[in-house]
Amino acid sequence: MNVTDSLSSAQRTGRPTRSTNIAKQRHHFRTVVAALDVVVIVVAIVIAVLLRFGENTDAAQVGTASGPLGYTFFSACLAIAWVIALHAKQCYRVELFGVGDDEFRRVARATFGLFGAIAIVALLAKLDLARGYLAIAFPLGLLLLLLERAIVRRWIVRRRAHGDYCDQTLIIGTPPEVRRAASVIARHPAAGYRAALVSVIGTDESPFVLSDGTEVDNVGPIADVSTLDGSINTLIVAGQSAMTPEEVRQIGWQLEGTDIRLALTSTMTDVAGPRIHRRPIEGLPLMSVESPTYAGRKFLVKRMLDIAISVVVLVLLSPVLVVLAACVYFEDRGPVLFRQVRVGVNGQLFRMTKFRSMVVDAEKLRADLVPDDASGVLFKMKDDPRITRVGKFIRTYSLDELPQLFDVLIGHMSLVGPRPPLPDEVRRYEKHVHRRLNVKPGVTGPWQVGGRSKLTWAQSVQKDLYYVENWSVTGDLAILARTVRAVLQREGAH
Numbered sequence: 001m002n003v004t005d006s007l008s009s010a011q012r013t014g015r016p017t018r019s020t021n022i023a024k025q026r027h028h029f030r031t032v033v034a035a036l037d038v039v040v041i042v043v044a045i046v047i048a049v050l051l052r053f054g055e056n057t058d059a060a061q062v063g064t065a066s067g068p069l070g071y072t073f074f075s076a077c078l079a080i081a082w083v084i085a086l087h088a089k090q091c092y093r094v095e096l097f098g099v100g101d102d103e104f105r106r107v108a109r110a111t112f113g114l115f116g117a118i119a120i121v122a123l124l125a126k127l128d129l130a131r132g133y134l135a136i137a138f139p140l141g142l143l144l145l146l147l148e149r150a151i152v153r154r155w156i157v158r159r160r161a162h163g164d165y166c167d168q169t170l171i172i173g174t175p176p177e178v179r180r181a182a183s184v185i186a187r188h189p190a191a192g193y194r195a196a197l198v199s200v201i202g203t204d205e206s207p208f209v210l211s212d213g214t215e216v217d218n219v220g221p222i223a224d225v226s227t228l229d230g231s232i233n234t235l236i237v238a239g240q241s242a243m244t245p246e247e248v249r250q251i252g253w254q255l256e257g258t259d260i261r262l263a264l265t266s267t268m269t270d271v272a273g274p275r276i277h278r279r280p281i282e283g284l285p286l287m288s289v290e291s292p293t294y295a296g297r298k299f300l301v302k303r304m305l306d307i308a309i310s311v312v313v314l315v316l317l318s319p320v321l322v323v324l325a326a327c328v329y330f331e332d333r334g335p336v337l338f339r340q341v342r343v344g345v346n347g348q349l350f351r352m353t354k355f356r357s358m359v360v361d362a363e364k365l366r367a368d369l370v371p372d373d374a375s376g377v378l379f380k381m382k383d384d385p386r387i388t389r390v391g392k393f394i395r396t397y398s399l400d401e402l403p404q405l406f407d408v409l410i411g412h413m414s415l416v417g418p419r420p421p422l423p424d425e426v427r428r429y430e431k432h433v434h435r436r437l438n439v440k441p442g443v444t445g446p447w448q449v450g451g452r453s454k455l456t457w458a459q460s461v462q463k464d465l466y467y468v469e470n471w472s473v474t475g476d477l478a479i480l481a482r483t484v485r486a487v488l489q490r491e492g493a494h
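Laid out in structure tokens, this is it:
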């Protein structure tokens, strides 16, 4: 099959193709998000003005060297500058929505950058700005922007799961490379790609069968990829053995003036973007990968957040803790708390605290039970007979883990981190799995928001190791937010 045969009949008859529709969807989406940003920014600024100046808004003025300036005019200029800053940080690139935290990072950097710019301008121009006004407008605006973007993300992820807002993608590579790339794309629809065509090197088999059994048209060798303009949005060169650097450069030239974007995959996996730095040398696109760090300012910020959030949550939920303790005690008059030795950072042992959710002699009864996965390291059992009635409820909503906040305050645990393992589990670890112990275990973590008890042992290890080597403060905050949703929706709980 050649390229022409693979083009849709809609394209040949002049009707809009799927790719054209995606381009229109992208434009519409960017417009809607920009409009929502404007609304959110205006709301934040109006609230800041009302809280700072009350009903005397007209009398409030910014002192300047050339005379007073009304806050209404200044606020309008601030709103415009804010939107411009978001555009400058490319916060409206559709591919940023759906996966990763780059979108949120850009919004935060745009906001902080604008705040810094206003501070410098105010200093140089001797503007007499009300600090309370700015102290309300910027934090509130950033919070509302991030909340708005989170809502928009949930919406577009649902739409992409149904095939909307997904780039029609052509994948070029050898059979294993094409299948691997297509498999990853299929598992992560939130990224916004759909394998529409393939160009498989070494075979003219068409349709080409992917790993999941899906059949995709194989267009074979492509003389000029620009002929696909209107049929695809993205061209992915999968792997490093697919073609020579000269061939990739030729494709890039052919795509000039088209709406097709070129993407290259890499054999490097499970490395987060902030650890990757481009270091080109005379046209050689070297990528430098930073080694993971387990100390420094970033960990100090993490510790401060652990303490602050734990104190706030414990104070707010103190009535709930009292009620839960009473429920656990009055069911069987046994101990309220369950303390168990776990392995912490660098292999240090500590006693982790939870609300007791099982019968008093649960540990003695464990030997008589058969786990769901007898070959796995973890002991997991969906219908564990040792769980009490109260225990079943508090486990469903992870309320049994609330006392672990005291372990966080002591310093044995962090709010976010790998699952705290038992000593017996650690003794059965493979060598590479010990890297989970390079950071403090967490009350929640990637396993909690990624499936909880539904995860296999291998999946749990993969998620934890990725977190250990690539964690960030922003990522921790995102995991905390996703934990609330996972608990309320009871995802993978038992």
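Position 60 (the sequence shown) corresponds to 60 in UniProt numbering; numbering is contiguous.
For every residue, glycine included, the Cβ atom is placed at its ideal position computed from N, Cα and C.
1) Whole angstroms are fine: how far does the CA of A295 sit from the CA of A122?
2) Give the secondary structure of I201 by DSSP, where H, G and I count as helix, E and B as strand, and everything else as coil.
3) Under the rule that 16 or more other beta-carbon atoms within 10 Å means buried, what is G417, buried or exposed?
4) What whole-angstrom Cβ distance do S357 and R395 have, given they're in contact under 8 angstroms?
5) Mapping the DSSP letters down to three states, classify R356 as helix, strand or coil.
6) Would you kindly work out how many angstroms separate the C-alpha atoms of I136 and V322, rounded to a whole number?
7) What are the uninterrupted segments assigned as beta strand (DSSP E) that are 3 or more residues long and contained completely in the region 215–239, given in chain order?
8) If we count the other Cβ atoms within 10 Å of its Cβ and call it buried at 16 or more, is K24 buried or exposed?
9) Apart from the five residues just before and just after E215, which ones in its own chain have a Cβ nearer than 8 angstroms to its Cβ?
10) Are the beta-carbon atoms belonging to A263 and I222 less than 8 angstroms from one another?
11) In chain order, what residues of the same chain have a beta carbon less than 6 angstroms from the beta carbon of Y397, not counting five sequence neighbours either side?
12) Out of D217, D212, G213 and A186, which one is the CA nearest neighbour of V200?
13) Note down, in chain order, each residue of its chain lying with its Cβ closer than 6 angstroms to the Cβ of I410, except the 5 sequence neighbours on either side.
14) Find out if the Cβ-Cβ distance for the pair D167, Y193 is shorter than 8 angstroms.
15) On the DSSP letters alone, give me the boundaries of the alpha helix (DSSP H) that G132 sits inside.
16) Could you pull out every residue in the same chain whose Cβ sits closer than 6 angstroms to the Cβ of S183, ignoring the five residues on either side in sequence?
17) State buried or exposed for A48, treating a residue as buried only when at least 16 other CB atoms are found within 10 Å of its CB.
18) What are the start and end residues of the beta strand (DSSP E) that includes L170?
19) Using the rule of at least 16 other Cβ atoms within 10 Å of the residue's Cβ for burial, across every protein chain shown, is V468 buried or exposed?
20) Taking 8 angstroms as the cut-off, decide whether the C-beta atoms of Q254 and S226 are in contact.
21) Just list the residues that DSSP pairs I387 with in beta bridges.
22) According to DSSP, which residues form a beta bridge with A195?
23) For the putative contact between G202 and P245, defined by C-beta atoms under 8 angstroms, what is the C-beta separation to the nearest angstrom?
24) Have a look at V484 and G257 and give me their C-alpha separation to the nearest angstrom.
25) Measuring CA to CA, which of L465, Q250 and A186 is closest to A196?
26) Taking DSSP as the reference, what is the three-state secondary structure of S414?
27) In this structure, does DSSP put R427 in helix, strand or coil?
28) Using C-beta distances below 8 angstroms, list every residue in its chain close to M1, excluding the 5 sequence neighbours before and after it, in chain order.
29) Quick check: the region 339–349 against the region 435–454, are there 3 or more CB pairs under 8 angstroms?
30) Check for me: the alpha helix (DSSP H) holding G475 runs from which residue to which?
31) Find out if the Cβ-Cβ distance for the pair Y92, V43 is shorter than 8 angstroms.
32) Note down the Cα distance separating W471 from L477, rounded to an integer number of angstroms.
Working from what's here:
1) Between the alpha carbons of A122 and A295 lies a gap of roughly 37 angstroms.
2) coil
3) buried
4) Right, their Cβ atoms sit about 5 angstroms apart.
5) The answer is coil: DSSP assigns R356 none of H, G, I, E or B.
6) 36 angstroms
7) 215–218 and 234–237
8) An exposed status is given to K24, since fewer than 16 other beta-carbon atoms sit within 10 Å of its beta-carbon.
9) P207, F208 and V209
10) No, the Cβ-Cβ distance between A263 and I222 is not below 8 angstroms.
11) V487
12) D217
13) Contacts found: none.
14) yes
15) For G132, the enclosing alpha helix (DSSP H) covers residues R131 to A161.
16) S211
17) buried
18) D167 to G173
19) buried
20) yes
21) M358
22) Answer by DSSP bridge pairing, in chain order: T169.
23) The pair is not a contact, with the Cβ atoms about 19 angstroms apart (cut-off 8 angstroms).
24) 46 angstroms
25) A186
26) Strand, per DSSP.
27) helix
28) Its pLDDT being 43, under 50, M1 is placed unreliably by the model, and the measurement read from it follows with that caveat. Only D204, S206, D217, N218, V219 and G220 meet the Cβ criterion.
29) The region 339–349 makes contact with the region 435–454, as at least three CB pairs between them are under 8 angstroms.
30) V473 to L488
31) no
32) 11 angstroms
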